[in-house]
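S.K.:
Residue numbers (the working numbering): 861 to 1071.
#1: Starting from the Cα of residue 908, find the closest Cα among 1007, 1002, 1067 and give me that residue.
#2: Got a sec, what are the start and stop residues for the alpha helix (DSSP H) residue 945 sits in?
#3: Are residue 998 and residue 980 close, meaning C-beta to C-beta below 8 Å?
#4: Nearest CA to the CA of residue 916: which residue from 1057, 1010, 1027?
#5: Terminal residues of the continuous beta strand (DSSP E) containing residue 893?
#6: According to the Cβ coordinates, are residue 1020 and residue 1049 closer than 8 Å?
#7: Using DSSP bridges, identify the partner residues of residue 939.
#8: Can you name, in chain order, every residue of its own chain whose Cβ lies under 7 Å from the Cβ of residue 901, other than the five neighbours on each side?
#9: Look up residue 1003 in the DSSP assignment and give the residues it is bridged to.
#10: For residue 931 and residue 899, I'd like the C-alpha separation in whole angstroms.
#11: Grouping DSSP H, G and I as helix and E and B as strand, with all else coil, what is residue 1066?
#12: Helix, strand or coil for residue 1036 per DSSP?
#13: Please confirm whether residue 928 and residue 879 have their CB atoms less than 8 Å apart.
#14: For residue 1044, does the count of other Cβ atoms within 10 angstroms reach 16, so buried, or fall short, so exposed?
#15: Pairs of beta-carbons, one from the region 983-992 and one from the region 933-950, closer than 8 Å: are there three or more?
#16: What are the boundary residues of the alpha helix (DSSP H) that includes residue 869?
#17: Between the C-alpha atoms of residue 982 and residue 1070, what's the straight-line distance to the nearest angstrom?
#18: Do residue 1012 and residue 873 come within 8 Å of each other at the CB atom, strictly closer than that value?
#19: Nearest to residue 863 by alpha carbon, out of 877, 1025, 1054?
#20: Can you give me the Cβ contacts of residue 995 inside the same chain, cut-off strictly under 7 Å, excluding the 5 residues immediately before and after it?
#21: Let me see if you follow: with CB-CB separation under 8 Å, is residue 867 close to chain C or not?
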């Protein structure tokens, strides 16, 4: 299936789930796609697969949100418009410079290396927490931007790999209905990315079948 077909099927599953507060908001066709994509490629070197290209052409923006009171879980698929991706990367760089400037303790100075990766992170999905999912321009991997990286603590998850590429993210993330904040749970991400067989996910998905 294409990325668009996978997303459409996932929206249908979410709508049939009985979740509260389901939101689906789709922007229209992106008539400026070619220019915006060329600008992104020139800035970052990021290249999309055909499936992702068709997704960004069809939707200038796409938001899918839900909340399940029974499990307490919630999901969010908030696709950052193509024209804003480089702008977010610029924000990362500026904030990294500010954080580095104000590093005072030995621990903070020791963790300055964590800010270096931000140069290569181009956000494609946004969350209200401040976290984002990004393309690593060096590898094409989808990685987590943990907003607490600027605080230079020891326990942030910035750079955690969630998928080998954009299409793989859509495939695996859709299998858990675009669940949010799972990256803080043990075992939900392994060397292959999102692990939908993990207990955290399997119990949730099985509860939907039983319901």
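All residues carry an ideal CB built from backbone N, CA and C; glycine is no exception.
All of these numbers come straight from a predicted model, not from anything done at the bench.
M.R.: Considering the structure as presented:
#1: One-based indexing of the chain shown puts residue 908 at position 48. When only C-alpha atoms are compared, the closest one is 1002.
#2: To locate residue 945, count along the chain shown from 1; it is residue 85. Counting along the chain, the alpha helix (DSSP H) containing residue 945 begins and ends at 945-961.
#3: What you label residue 998 is simply residue 138 of the chain shown in a count that begins at 1. What you label residue 980 is simply residue 120 of the chain shown in a count that begins at 1. Going by C-beta atoms, residue 998 is nearer than 8 Å to residue 980.
#4: On the chain shown, position 56 is the one that residue 916 refers to. Considering only alpha carbons, the answer is 1027.
#5: Within the chain shown, numbered from 1, the residue matching residue 893 stands at position 33. It is not in any beta strand (DSSP E) - residue 893 instead sits in the alpha helix (DSSP H) that spans 893-904.
#6: For the purposes of this step, residue 1020 is taken as the residue at position 160 of the chain shown. For the purposes of this step, residue 1049 is taken as the residue at position 189 of the chain shown. Taking 8 Å as the Cβ cut-off, residue 1020 and residue 1049 qualify as a contacting pair.
#7: Within the chain shown, residue 939 is the residue found at index 79, counting from 1. Residue 939 is bridged to 922, 985.
#8: The count along the chain shown starts at 1 and reaches residue 901 at position 41. Within the same chain, residue 901 has close Cβ partners 907.
#9: Reading the chain shown from its first residue, position 143 is the one you call residue 1003. Bridge partners of residue 1003: 994, 1021.
#10: Residue mapping note: residue 931 aligns to position 71 of the chain shown, counting from 1. Residue mapping note: residue 899 aligns to position 39 of the chain shown, counting from 1. So the alpha carbons of these two residues sit roughly 42 Å apart.
#11: For the purposes of this step, residue 1066 is taken as residue 206 along the chain shown, with counting starting at 1. If DSSP states are grouped into helix, strand and coil, residue 1066 belongs with the helices.
#12: Locating residue 1036 in the chain shown gives position 176, counting from the first residue. Coil, per DSSP.
#13: In the chain shown, the residue the question calls residue 928 occupies position 68. In the chain shown, the residue the question calls residue 879 occupies position 19. Closer than 8 Å, so yes.
#14: Position 184 of the chain shown holds residue 1044. Residue 1044 is exposed by the Cβ-count criterion.
#15: yes
#16: Within the chain shown, the letter at position 9 stands for residue 869. From DSSP, the alpha helix (DSSP H) with residue 869 extends over 863-875.
#17: Here residue 982 is taken as the residue at index 122 of the chain shown, counted from 1. Here residue 1070 is taken as the residue at index 210 of the chain shown, counted from 1. When rounded, the distance between both Cα atoms is 39 Å.
#18: By 1-based counting over the chain shown, the position of residue 873 is 13. By 1-based counting over the chain shown, the position of residue 1012 is 152. Contact: no.
#19: For the purposes of this step, residue 863 is taken as residue 3 along the chain shown, with counting starting at 1. For the residues 877, 1025, 1054, the minimum Cα distance to residue 863 belongs to 1025.
#20: Counted from its first residue, the chain shown places residue 995 at position 135. The residues are 906, 982, 984, 1002, 1026.
#21: Absent here is chain C; the protein component of the structure consists of one chain.
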